[in-house]
Structure formats: structure tokens, C-alpha cells
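Undergrad: Below is the structure I would like to discuss, written out as C-alpha cells.
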Amino acid sequence: DKLAAFATLYEVLVTFSKVLAPVLPFITEEIYQGLVADRDESSERSVHLARFPEYAEHLVDSQLESDMATVRSIVTLAHSLRAQDGVGVRQPLASLTVMAREPAILASAERFSGIITDELNVKTVITSEDDAWAVETSARPDFKILGPRLGGDVRSVAGSLSNLSEESVAELVAGRAVEVAGFTISPDEVVLTRTPRPGVLAASEGPISVALDTELTPDLIGEGRAREVINRVQNARREADLHVSDRISLTLLTESVSLRDAIAEHIDLISAEVLATGIQVKDAQPDFGAAIGEELLGIDLVVVGRLADTP
95 DKLAAFATLY EVLVTFSKVL APVLPFITEE IYQGLVADRD ESSERSVHLA
145 RFPEYAEHLV DSQLESDMAT VRSIVTLAHS LRAQDGVGVR QPLASLTVMA
195 REPAILASAE RFSGIITDEL NVKTVITSED DAWAVETSAR PDFKILGPRL
245 GGDVRSVAGS LSNLSEESVA ELVAGRAVEV AGFTISPDEV VLTRTPRPGV
295 LAASEGPISV ALDTELTPDL IGEGRAREVI NRVQNARREA DLHVSDRISL
345 TLLTESVSLR DAIAEHIDLI SAEVLATGIQ VKDAQPDFGA AIGEELLGID
395 LVVVGRLADT P
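Under this note's numbering, the first residue of the sequence shown carries the number 95, and numbering increases by one thereafter.
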């Protein structure tokens, strides 16, 4: 995934430099020299000598664009729920439920569930056509449309819509007309609003609703604390100006039993994320360190090598 991301970024920057060369001649030349000319002897020596990019229709993937728009909407809604409930993104959660009446939306969520779980730090993504348990849908008249058609009767229709049964609302959501106060009302004549039911952490935008399971088990809490440790060690690496591929020997000091247990349980995860060849955990009160909640974590790292094939 990282190699694919780097390759995509490279292609975008090189194409960007060629397209904008007539407008930004110096900046684009610097980009081109650093990315292409200095590394590829067969390339043109200047961006201003390179061929102008041509539109490649075969590279356009409309389905992928639609899928990614759906994924972004889901992720944005779920992040807002985390913020609303005060649950940091480093705390893993059990599940996210994606609800929609449109099969294409659910298919996108299932197809890219791996991206969603990684982005939101949830263990699984559940899809469902039924959102009635999580959100309450209400209908109100679109006065710009119904006003001219119904005239003075629009007020009685508005009152009836506010007391519409869940079955009738479901018909409107499904795209079917319903009888209201003696009039046939079609879905495009009403405004549908979704609100979370009491006690459910849910949010909606357009046809998509999401709900987060925020119940924390001991395993989830332990992993969350381990990810906080990873964050503090990564900060220490940056402060020490380490190269991104430097391998380290790591010593962690804390008097917190629960924190030591979390580190021991997830030591392989921590080692992989911070590039540690070995981790020692000591029961000791550090003189200074990084705060994790009300606890202090002492961090001592020593560079022991560097990954192969890195400058």
C-alpha cells in the first residue's frame, strides 16, 4: 500500500510539473529536476523540454470515484461521532454499522471495508439496509413544491406529515408515494430528516447513516493504551531527529501495572510500529516522560541500525 501511494504521488507531482510549467516555470523546474532529471538519465533534462501530458481516458475509473466518495462520507460521519462522544481515534472500537437503502452504497462500504476499518480504527464494518433501530426518519412538506399544488390545504398536510406512521415514512424513503390527509404525496414533495434515536451514537448525511459501537472491552482498552504508547514513542523518535527507517532498542519505564500489562500484551504491535528490535519494560517512576492520561511513561531509545536499501 505504501509503495502504491508513493507511486501515485510521484505520478501526480511529475504530471503537475509538466502541466503547470508554462505558468510556474521555476517551481515546476525544481520539482522536475528533483524527481525526474536527476534520477532518470533517459528523460528530458528540463520540464520545458518534456512532452505536455495528454488526457488518458482509460485511467478514469468512475466506479472507483463513486466508491471513494461513499467511503469519505462514511469516514467523515464516523469521525464526527468519535469527536462527539470524546473517543480518540487511537482507541479501537468493536464495530461500525453502515446503513443505507441503496445497494450501491452498501456494496461500496463492503468493497472498501479494509480502508474504513484502518481509517476509523474499528475491528469490523457491518452493513445493513435497516436503519430504523439507529435513526428516526421524519417527513415535512417541501413548501416550494406542495404550496402551489395544494394551496391552503398544505397546512393540514403538514400536520399529518408530522404524525406520519413509521410504515408510511418507510414508503417515502423507499421512493413510493403515500396518502396524507386525502392527498397523494410523492417522495420528491417532502423533506426527509434523520435523527439518532436516544441512546444510539449515530449520524446521517443524505442517504447514508452510520452507528458506532462505543462499548469498550478490556481487550479494546488495552490495545488503545498500546497505541497511545506507540504515539508517544513516535513523538520521541521525531524529537530525537531519527531517520524514518532507524531501528531502535527501547526501554519503557512506568509504575502503572495496567500500562505495563497493555505493553506486554501488544509488544509485537508496538515493536513493528516503532521499529524496535527489542523492548524492555521496567517498573519504575520516571523522572520525566510522556503523559498517557494521568500516568507518566519514561522513554529511552537507542539507535541500533537502519533498514536496508534506505539512504
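C-beta atoms are modelled at their ideal positions from N, C-alpha and C, and glycine is treated no differently.
Excluding the 5 residues flanking residue 393 on each side, which residues of the same chain have their C-beta closer than 7 Å to its C-beta?
TA: For residue 393, where only same-chain residues beyond five positions count, the Cβ hits under 7 Å are 326, 327, 330, 346, 383, 384.
Undergrad: Ends of the beta strand (DSSP E) at residue 290?
TA: 284-290
Undergrad: Compute the Euclidean distance between the alpha carbons of residue 95 and residue 308, then round it to the nearest angstrom.
TA: 29 Å
Undergrad: Kindly indicate the opening and closing residues of the alpha helix (DSSP H) around residue 297.
TA: Element bounds for residue 297: not the alpha helix (DSSP H) but the beta strand (DSSP E), 296-299.
Undergrad: With a CB to CB cut of under 6 Å and the five nearest residues on each side skipped, what residues in its chain are close to residue 350?
TA: 389
Undergrad: Answer with buried or exposed for residue 160, where buried requires no fewer than 16 other C-beta atoms within 10 angstroms of its C-beta.
TA: exposed
Undergrad: Is residue 296 closer than 8 Å to residue 194 when the C-beta atoms are compared?
TA: no
Undergrad: Under three-state DSSP, which class holds residue 211?
TA: Judged by DSSP in its simplified three-state form, residue 211 adopts helix.
Undergrad: Please work out which residues of its chain come closer than 6 Å, Cβ to Cβ, to residue 321, disregarding the five sequence neighbours upstream and downstream, and give them in chain order.
TA: 184
Undergrad: So who's on the other strand from residue 119, going by DSSP bridges?
TA: Its beta-bridge partners do not exist; DSSP assigns none.
Undergrad: Would residue 219 and residue 181 be called neighbours here (beta carbons separated by less than 8 Å)?
TA: no
Undergrad: Quick check for students: name the residue ranges of the beta strand (DSSP E) that lie wholly in the segment 181-254, counting only runs of 3 or more.
TA: 187-193, 216-222, 229-235
Undergrad: Excluding the 5 residues flanking residue 373 on each side, which residues of the same chain have their C-beta closer than 7 Å to its C-beta?
TA: Listed in chain order, the non-local C-beta contacts of residue 373 below 7 Å within the same chain comprise 344, 346, 361, 364, 365, local neighbours out to five positions each way being set aside.
Undergrad: One question on the structure: do residue 216 and residue 235 come within less than 8 Å of each other, judged by their Cβ atoms?
TA: no
Undergrad: Using alpha carbons as the reference points, say which of 332, 104, 282, 106 lies closest to residue 270.
TA: With distances taken between Cα atoms, residue 270 lies closest to 282.
Undergrad: What residue range is occupied by the uninterrupted alpha helix (DSSP H) comprising residue 332?
TA: 312-333
Undergrad: Using 8 Å as the Cβ pair cut-off and three pairs as the minimum, do the segment 123-132 and the segment 254-267 touch?
TA: no
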